[in-house]
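Below is one structure, written out as structure tokens, with a few remarks after it.
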Amino acid sequence: MSRGKFSDLWLLVAILVLLAVGLLANFSTSIADGSGLYQKQFFWIGIGSAIALAILSVPLRFFEMLSYIFYGVSIVSLLLVLAVGSTHKGATSWFVFGSVQLQPSEFAKVATLLAVARLLAEHPRDLDRFWLFAVACIMTVVPMALILVQPDLGTALIFPVMLFVLLTWAGVAPQYILLMFMPVAAVLTVWSMPLHIIVLLLLVAIAYVSIRRLPWVAALTGLYLFFGTLTPKLWSKLEPHQQRRITTFLDPEADPLGAAYQLIQSKIAVGSGGLLGKGFLNGTQTQLQFLPEGHNDFIFSAFAEEWGFVGAVIVVVAFLVFYYRGIAIASKCHSSFHSLVAIGVVGTIIFQALTNLLMTVGLLPVTGLPLPLVSYGGSSMLVTLAMVGLLFSAALRWREY
């Protein structure tokens with residue numbers, strides 16, 4: 026970091042590398058299906074870069090002042106899209122303006138991040154108060170619930186992770202962090218009773234050591250058991266295609282030509298790339314169109330097939346550099362709001378990237394989350410580059426209080 030105004034060259038290089046990877050991979054998949062999506066990707070990157078530069082030129086205090094207004098507008102847009110939005114693959118998630126489609130759930134991510142960051146920054150003395158935790162949760166759950174109604178499970182999953190990152194970084198009391206974590210742990214481990222019990226005992230021990238209040242420990246234990254019991258009912262509420270994604274993840278060979286087809290083809294593409302790949306435009310899974318959604322959800326698979334292990338490592342290293350430099354920026358900022366915005370951007374983008382990368386190699390169920398800065402997508406690219414603009418703005422103004 027510079028001593029005066031901050032300019033992070035390594036962060037910029039990592040972002041440019043990821044954008045270049047996305048353009049190469051989108052060009053390859055566009056050649057395969059004749060869609061020409063890479064040309065639209067150039068357009069979205071240009072518009073997104075202009076937005077990032079515009080954000081960089083405006084003090085973050087401006088966004089702090091307007092954050093609640095942005096949040097309110099995003100909630101209204103999520104309600105409107107349910108009423109008049111376009112439905113694609115069973116999800117009513119888009120506004121359509123001619124040939125342009127905009128996804129309000131993407132913009133809701135930024136609005137929620139700014140609003141919750143402002144809430145936490147304005148009340149540093151209330152971080153151990155339940156009311157602050159409750160308000161932050163409500164502000165996060167409202168857009169998440171509206172997105173689940175669409176339904177778009179992948180995008181909705183980003184919101185609790187964003188909230189967890191913001192609360193932890195702000196220094197909210199540990200019992201409230203555990204209050205968030207207990208239901209998630211219960212739902213994820215209930216499929217194996219021994220694991221379910223082991224995780225419960227571990228979390229109870231952590232709760233006792235960190236909180237040392239028996240009523241809180243008892244309440245957290247009850248919450249864990251409640252959600253463990255509730256999980257079968259939650260499972261029945263999932264859409265059939267969402268259930269298939271999870272069962273396919275647990276047993277890909279059960280339906281190799283149906284629900285598991287995407288995952289199997291993705292793993293074949295990644296594995297067949299070898300050390301140096303098959304060469305640009307020479308990926309058989311990509312060029313013969315065996316790989317579904319090669320321009321979006323599985324773009325990493327398409328890139329790894331043609332550029333091999335070396336290409337895959339370049340992508341991973343670029344995200345690691347983004348993570349490291351983002352954490353450094355958040356740590357250095359004097360303003361609580363600046364710091365929270367920076368860490369929220371890093372947490373959101375890295376979670377989405379990690380989920381996508383693990384999904385493509387079969388280590389997580391298919392969620393439909395694109396790879397930030399790489400996958401094709403108008404709204405996703407615009408919002409991600411807007412977040413990048415916020416991160417650079419925090420870096421530039423790290424001395425401000």
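Heads up, the sequence shown is in the working numbering, so the first residue is 26 and it goes up one at a time.
The beta carbon of each residue, even a glycine, is placed where N, CA and C say it ideally should be.
Since we're looking at a predicted model, the values are computed, not measured.
What is the rounded straight-line gap between the Cα of phenylalanine 362 and the Cα of glycine 123? Residue 362 sits at position 337 when you count from the first residue of the sequence shown. Residue 123 sits at position 98 when you count from the first residue of the sequence shown. In a straight line, the C-alpha of phenylalanine 362 is about 38 Å away from that of glycine 123.
Rounded to whole angstroms, what's the CA-CA distance from lysine 65 to isoleucine 231? Just pull it up for me. Position 40 of the sequence shown holds residue 65. Position 206 of the sequence shown holds residue 231. When rounded, the distance between both Cα atoms is 50 Å.
Do valine 135 and alanine 378 have their C-beta atoms within less than 7 Å of each other? Residue 135 sits at position 110 when you count from the first residue of the sequence shown. Residue 378 sits at position 353 when you count from the first residue of the sequence shown. Cβ distance not < 7 Å, so valine 135 and alanine 378 don't count as in contact.
C-alpha distance - serine 326 paired with phenylalanine 347, whole-angstrom precision: Position 301 of the sequence shown, counting from 1, holds the residue named residue 326. Position 322 of the sequence shown, counting from 1, holds the residue named residue 347. Near 21 Å, if we compare the C-alpha coordinates of phenylalanine 347 and serine 326.
Per DSSP, which residues does tryptophan 119 bridge with? Please list them. As a working mapping, residue 119 is identified with position 94 in the sequence shown. According to DSSP, tryptophan 119 bridges with Ser111.
Per DSSP, what kind of secondary structure is valine 167 in: helix, strand or coil? In the sequence shown, residue 167 corresponds to position 142, counting from 1. Valine 167 falls in the helix class under three-state DSSP.
By DSSP's criteria, leucine 127 is part of a beta bridge. Which residues make up the other side? If you number the sequence shown from 1, residue 127 lands on position 102. The partner list for leucine 127 (beta bridge, DSSP) reads Phe120.
Buried versus exposed call for arginine 143 [16 or more other C-beta atoms within 10 Å across all chains shown]: Walking along the sequence shown from the start, residue 143 turns up at place 118. Per the 10 Å Cβ criterion, buried.
Quick check on DSSP: helix, strand or coil for cysteine 162? Residue numbering aside, residue 162 sits at position 137 when the sequence shown is read from its first letter. Cysteine 162: helix per DSSP, three-state reduction.
Same chain only: Cβ atoms within 8 Å of threonine 409, ignoring 5 sequence neighbours per side: Reading the sequence shown from its first residue, position 384 is the one you call residue 409. Result list for threonine 409: Gly73, Ile374, Pro397 and Leu398, in chain order.
Got a sec, what are the start and stop residues for the alpha helix (DSSP H) threonine 309 sits in? The residue given as residue 309 occupies position 284 in the sequence shown. Residues 309-312.
Taking the CB atoms as reference points, tell me whether phenylalanine 158 and methionine 169 lie closer together than 7 Å. In the sequence shown, residue 158 corresponds to position 133, counting from 1. In the sequence shown, residue 169 corresponds to position 144, counting from 1. No, Cβ-Cβ distance for phenylalanine 158 and methionine 169 is not below 7 Å.
Sequence-distant residues of the same chain with beta carbon closer than 6 Å to methionine 406, five excluded per side: On the sequence shown, residue 406 is found 381 positions in, with the first residue counted as 1. Cβ neighbours of methionine 406 beyond the five flanking positions: Trp69 and Gly73.
Local conformation of asparagine 321 per DSSP, three classes: Residue mapping note: residue 321 aligns to position 296 of the sequence shown, counting from 1. Looking at asparagine 321 - three-state DSSP - the assignment turns out to be coil, as it is neither helix nor strand.
Kindly list the residues whose CB is nearer than 6 Å to the CB of alanine 211, restricted to its own chain and excluding five residues on each side of it in sequence; keep chain order. Locating residue 211 in the sequence shown gives position 186, where the first residue counts as 1. Answer for alanine 211: Tyr249, Phe252 and Gly253, listed in chain order.
By the DSSP assignment, the alpha helix (DSSP H) with tyrosine 249 in it spans what residues? Numbered from 1 along the sequence shown, position 224 holds the residue referred to as residue 249. It spans 239-262 - the alpha helix (DSSP H) in which tyrosine 249 sits, taken as one unbroken run.
Determine whether the beta carbon atoms of leucine 44 and alanine 343 lie at a separation below 7 Å. One-based indexing of the sequence shown puts residue 44 at position 19. One-based indexing of the sequence shown puts residue 343 at position 318. Result no, Cβ atoms of leucine 44 and alanine 343 do not sit closer than 7 Å.
Candidates Arg350, Lys262 and Asn307: closest to glycine 333 by CA position: On the sequence shown, position 308 is the one that residue 333 refers to. Among Arg350, Lys262 and Asn307, the Cα nearest to that of glycine 333 belongs to Asn307.
Contiguous alpha helix (DSSP H) assignments of at least 4 residues, all confined to the stretch 130-218: 155-174, 178-195 and 199-214
Mapping the DSSP letters down to three states, classify alanine 401 as helix, strand or coil. Position 376 of the sequence shown, counting from 1, holds the residue named residue 401. Residue identity check: residue 401 is tyrosine in the sequence provided, not alanine. If DSSP states are grouped into helix, strand and coil, tyrosine 401 belongs with coil.
Touch test, the stretch 178-193 against the stretch 214-222, Cβ-Cβ under 8 Å, three pairs minimum: no
Beta carbon of aspartate 33, beta carbon of arginine 350: below 7 Å? The residue you call residue 33 lines up with position 8 of the sequence shown. The residue you call residue 350 lines up with position 325 of the sequence shown. Yes.
Leaving out five residues before and five after valine 295 in sequence, what residues of the same chain have Cβ atoms less than 8 Å from its Cβ? In the sequence shown, counting from the first residue as 1, residue 295 sits at position 270. Within the same chain, valine 295 has close Cβ partners Phe325, Ser326, Ala329, Glu330, Ala337, Thr385 and Val386.
Euclidean distance between Cα positions of glycine 247 and glycine 179: Position 222 of the sequence shown, counting from 1, holds the residue named residue 247. Position 154 of the sequence shown, counting from 1, holds the residue named residue 179. Roughly 28 Å separates the two Cα atoms.
How is glutamate 425 classed by DSSP in three states: helix, strand or coil? Stepping through the sequence shown from its first residue, residue 425 is reached at position 400. Three-state DSSP puts glutamate 425 in coil, outside helix and strand.
Any idea if glutamate 89 is buried or exposed, counting beta-carbon neighbours within 10 angstroms, 16 or more meaning buried? What you label residue 89 is simply residue 64 of the sequence shown in a count that begins at 1. Counting Cβ neighbours within 10 Å, glutamate 89 comes out buried, since at least 16 surround it.
Figure out for me which residue from Lys114, Arg238, Gly196 and Ala140 has the closest Cα to the Cα of phenylalanine 87. Here residue 87 refers to the residue found at position 62 when the sequence shown is read from its first residue. Minimum Cα distance to phenylalanine 87 is reached at Ala140.
Judging by CA-CA distance, which residue of Leu288, Gly369 and Gly299 is the nearest neighbour of asparagine 381? Against the sequence shown, residue 381 aligns to sequence position 356. If we check each option's Cα against that of asparagine 381, Leu288 comes out closest.
Which complete alpha helix (DSSP H) runs does the stretch 55-86 hold, if anything under 4 residues is left out? 62-81
Using only alpha-carbon positions, find the residue among Gln312, Ser55, Val46 and Pro84 that is nearest to leucine 416. For the purposes of this step, residue 416 is taken as residue 391 along the sequence shown, with counting starting at 1. The candidate whose alpha carbon is nearest that of leucine 416 is Pro84.
Check whether the stretch 228-243 touches the stretch 195-211, taking contact to mean three or more Cβ pairs, one atom from each stretch, closer than 8 Å. yes
Provide the residue span of the alpha helix (DSSP H) that contains lysine 292, from first to last. For the purposes of this step, residue 292 is identified with residue 267 of the sequence shown, where counting begins at 1. Residues 286-297.
Alpha-carbon spacing of glutamine 128 relative to phenylalanine 120, whole angstroms: Here residue 128 refers to the residue found at position 103 of the sequence shown. Here residue 120 refers to the residue found at position 95 of the sequence shown. Distance between the alpha carbons of glutamine 128 and phenylalanine 120: 6 Å.
Over the uninterrupted alpha helix (DSSP H) stretch that includes glycine 369, give me the two end residues. Translated into the one-based positions of the sequence shown, residue 369 becomes position 344. That run of the alpha helix (DSSP H) goes 361-385.
Where does leucine 301 fall in DSSP's three states? Here residue 301 refers to the residue found at position 276 of the sequence shown. Correct three-state label for leucine 301: coil.
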